[in-house]
Amino acid sequence: MNPVHPALARLARAAKEMPGQDCAGALREALSNPAWLRPEHRIGDPTAYMRHVLYVDPQGAFVMTAITWLPGQKSPVHGHQVWCAYGVAEGELTEERFHETNGNLSLVRTSVYKPGEIAVVLHWSRFIERYTYTKGHAAAMAHVAWRVARIAVYY
């Protein structure tokens, strides 16, 4: 893997030096100047959102990806337990958050995130979500995840 893009260097340092802590400032800085988002990161897959690996920590502590969405694409309703931080670099994403009770999901909130906004910074908490992209040509989000523990898809 190539070295980290200079525009993501502060975020990589924060991810490495402060695992499990808030790196929102470094993420916000990366989103405010998405020079790291190259033309190939804006290419989507018509069948599903697409992940582009930006950087993998040499010790395997975290990975940075750009996730590209085309209009009309949705993620499945899913939950995972992971320490992660992510935000929108281009386009707008709609996030639906759900709560599970006895195997039933209920919608808790719907949020729309615009360029430069951080969708979430989670500290090893379990959450269930779905993302939808409906406007423009493509949307891209920066995602940093530390040691993914578990992912489950809900139907």
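So in this note's numbering, spot 152 of the sequence shown is number 244, and the numbers just go up one at a time. Don't be surprised by glycine CBs; every beta carbon is placed ideally from N, CA and C.
Distance CB(residue i)-CB(residue j) smaller than 8 Å
i, j, result
"THR157", "HIS170", "no"
"GLU182", "PRO207", "yes"
"LEU103", "CYS115", "yes"
"LYS108", "ALA153", "yes"
"ALA232", "ARG134", "yes"
C-alpha distance - residue i paired with residue j, whole-angstrom precision
i, j, result
"ARG242", "MET110", "The predicted position of ARG242 is uncertain, since its pLDDT is 46 and thus under 50; no value can be drawn from it."
"TRP128", "ILE159", "13 Å"
"GLU184", "PRO95", "29 Å"
"LYS51", "THR139", "Nothing about residue 51 can be read from this structure; the chain reaches only from 93 to 247."
"ASN194", "TYR225", "29 Å"
"VAL180", "HIS97", "18 Å"
"TYR147", "ASN125", "17 Å"
Three-state secondary structure assigned by DSSP to residue i
i, result
"GLU121", "helix"
"ARG130", "coil"
Start-to-end residues for the beta strand (DSSP E) that takes in residue i
i, result
"ARG143", "142-148"
"ALA49", "This structure cannot speak to residue 49, because the chain is shown only from 93 to 247."
"ALA158", "154-161"
N-terminal and C-terminal residue of the alpha helix (DSSP H) that residue i is part of
i, result
"ARG201", "It is not in any alpha helix (DSSP H) - ARG201 instead sits in the beta strand (DSSP E) that spans 196-205."
"LEU185", "From DSSP, LEU185 is part of no alpha helix (DSSP H) but of the beta strand (DSSP E) over 185-193."
Exposed unless 16 or more other CB atoms sit within 10 angstroms - verdict on residue i
i, result
"HIS191", "exposed"
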